[in-house]
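Enquirer: Here it is: the structure, laid out below.
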Amino acid sequence: MTREASKTELTADDIVRIKQSTLIGLNRDARQLPLNSASIRAQFNGQYLSTFKGRGMEFDESRPYQPGDDIRSMDWKVTARTGKAHSKVFREERERPVLLWVDYRQPMFFGTQQHFKSVLAAKISALLAWSTAHHGDRLGGLIFSESSHIELRPSRGKSASLHFIKQLAQHTAWDNSLNTHEHSKSAADALARLQRVNKPGSLIFLISDFRNMDDLSWSQISRLNHHSDIILISIHDPLEQQLPPAGNYKISNGETELNLNTYNKKQRKEYQNRFLNQQLELQNTCRKQGMHYLSVSTIDDVLPTLQQKLGISPIAGKNRVRRK
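Written out as structure tokens, the structure reads:
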């Protein structure tokens, strides 16, 4: 189903659009999705990528040089002033920025089972937003469509999560028509804006179906990845993965109808291969750049899927994270 086909389904909350109350209600579930360890892992073809780069480091103080100190940590100004070798001491930032880049472009407003991809993106984002608040980190990011970007500077606490969730549920993309704007904003525009709120050591979730991503977009992602940890959460619908069994199907966007003939086995196979190749390309890009990749379908149970693919155990201790 498409967004236009569902305009009369005003009661179809959490299917074609998301209710703010639903996202608020994910607060309790988010306690089972802790983001409090640098060893959270993302699966890739049965193996695990490298651990996170970790939080940023803040300068704490200078102290006299001790054998074994890294020469790169020398405090040359203090050394010159006192005439004695001093080293800089750093401490881990207590609050790590977590940035959510949420795609509300037109292809995300599609779904054939359970709900639209955009609804799934909103639920994933809300779980991550609440998890960030529970751990005491700062939450920020960008929610964008072809016509509107909402930029949220990182801030801490429950109020930050509630504000982010409000923007997820009330974004104009839920109501805008599907007409393409001549000067529509692209993923590259949204990534450029994200770079302005990013700082080294951030944990960045890119939540999208990653359609219509040009070379500039991937170049910007690569730059973000230099000093931050990036997790790509690729969202898809089962119909995008493969066509339905052989038969004739009537499909509509709410204005026009056409018949879909899936009797041709070769065409069904080619269709499936296009999807698999797209996903493989995403995986290879992540592997080459040391980023983390997750694939989530609209038919998946979102919380256990994220737990499993992030390598998080929901039962050990107080929601501890499995370590290597």
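With the first letter of the sequence shown counted as 1, position 265 gets the number 265 in full-length UniProt numbering; the numbers rise by one all the way through.
Even glycine gets a Cβ: it sits at the ideal position worked out from N, Cα and C.
Applying the criterion that 16 or more other CB atoms from any shown protein chain within 10 Å of the CB defines a buried residue, is isoleucine 165 buried or exposed?
Expert: buried
Enquirer: Residues in the same chain with beta-carbon distance under 8 Å from arginine 271, minus the five sequence neighbours each way, listed in chain order, please.
Expert: For the record, residue 271 in the displayed sequence is tyrosine; it is not arginine. Closer than 8 Å at Cβ, skipping near neighbours: Gln242 and Leu243.
Enquirer: Taking 8 Å as the CB-CB cut-off, is tryptophan 101 touching chain C?
Expert: The question asks about chain C, but that chain is absent: this structure has only one protein chain.
Enquirer: Measuring straight from C-alpha to C-alpha, what distance separates glutamine 66 and methionine 74?
Expert: 10 Å
Enquirer: Use the C-beta contact count for asparagine 27: other C-beta atoms within 10 angstroms, 16 or more gives buried, fewer gives exposed.
Expert: Asparagine 27 is buried by the Cβ-count criterion.
Enquirer: Taking contact to mean at least 3 C-beta pairs separated by less than 8 Å, is the region 183 to 201 in contact with the region 79 to 90?
Expert: no
Enquirer: Are arginine 17 and tryptophan 218 touching if we call contact CB-CB under 8 Å?
Expert: no
Enquirer: So, are the CB atoms of leucine 162 and aspartate 29 less than 8 Å apart?
Expert: no
Enquirer: So for proline 200, helix, strand or coil by DSSP?
Expert: Three-state result, proline 200: coil.
Enquirer: Isoleucine 18 by DSSP, collapsed to three states: which one?
Expert: coil
Enquirer: Output the boundary residues of the beta strand (DSSP E) element that contains isoleucine 150.
Expert: Segment 149 to 156, the beta strand (DSSP E) holding isoleucine 150.
Enquirer: Do the region 259 to 278 and the region 294 to 301 touch if we need at least three Cβ pairs shorter than 8 Å?
Expert: no
Enquirer: From Phe109, Leu206 and Arg193, pick the residue whose C-alpha is nearest to that of leucine 282; which is it?
Expert: Leu206
Enquirer: When burial is assigned at 16 or more other CB atoms within 10 Å of the CB, is isoleucine 231 buried or exposed?
Expert: buried
Enquirer: What is the residue span of the beta strand (DSSP E) that serine 295 lies within?
Expert: 292 to 297
Enquirer: Leucine 258 to asparagine 273, Cα distance in whole Å?
Expert: 23 Å
Enquirer: Quick check on phenylalanine 164: does DSSP put it in helix, strand or coil?
Expert: helix
Enquirer: Would you mind reading off the limits of the alpha helix (DSSP H) that contains leucine 276?
Expert: 265 to 289
Enquirer: Give the DSSP-derived three-state secondary structure of histidine 134 in the structure shown.
Expert: DSSP places histidine 134 in the helix class (H, G or I) of the three-state scheme.
Enquirer: Report yes if the CB atom of glycine 141 is closer than 8 Å to the CB atom of arginine 156, and no otherwise.
Expert: In this structure, arginine 156 does not lie closer than 8 Å to glycine 141 by Cβ.
Enquirer: Report back the beta-carbon spacing between residue 331 and isoleucine 204 to the nearest angstrom; my notes put them in contact at under 8 Å.
Expert: Outside the shown range of the chain, which is 1 to 324, sits residue 331, and nothing can be said about it.
Enquirer: What's the gap between the Cα of alanine 5 and the Cα of threonine 285?
Expert: Per-residue confidence for alanine 5 stands at a pLDDT of 45, beneath the threshold of 50, marking its modelled position as unreliable; the derived number appears in the next sentence. Each residue's alpha carbon lies about 35 Å from the other.
Enquirer: Reducing DSSP to helix, strand and coil, say where aspartate 215 ends up.
Expert: helix
Enquirer: Please state the DSSP three-state secondary structure of proline 107.
Expert: helix
Enquirer: How should glutamine 106 be labelled, buried or exposed, when 16 other C-beta atoms within 10 angstroms of its C-beta is the threshold for buried?
Expert: buried
Enquirer: At what residues does the alpha helix (DSSP H) containing leucine 306 begin and finish?
Expert: 302 to 309
Enquirer: Could you check which residue in Pro238, Ser228 and Gln289 has the C-alpha nearest to that of arginine 96?
Expert: Ser228
Enquirer: Kindly list the residues whose CB is nearer than 6 Å to the CB of threonine 132, restricted to its own chain and excluding five residues on each side of it in sequence; keep chain order.
Expert: Val98 and Leu139
Enquirer: Name, in chain order, the residues that DSSP records as bridge partners for glutamate 257.
Expert: For glutamate 257, which the question treats as bridged, DSSP gives the partners Ser252.
Enquirer: Can you give me the Cβ contacts of leucine 306 inside the same chain, cut-off strictly under 8 Å, excluding the 5 residues immediately before and after it?
Expert: Counting only Cβ-Cβ distances below 8 Å, and skipping sequence neighbours, we find Leu33, Ile124, Leu127, Leu294, Val296 and Ile312.
Enquirer: Give the DSSP-derived three-state secondary structure of glutamate 146 in the structure shown.
Expert: coil
Enquirer: Thinking C-alpha only, which one of Thr172, Asn212, Arg223 and Ala169 is nearest arginine 193?
Expert: Arg223
Enquirer: Rounded C-beta distance between aspartate 209 and alanine 188? I'm assuming under 8 Å.
Expert: Rounded, the Cβ-Cβ distance is 16 Å, inconsistent with contact.
Enquirer: Got a sec? Which residues, its chain only, sit under 6 Å from alanine 160 by beta carbon, not counting five neighbours each side?
Expert: Excluding residues within five positions, the ones whose Cβ falls inside 6 Å are Leu139.
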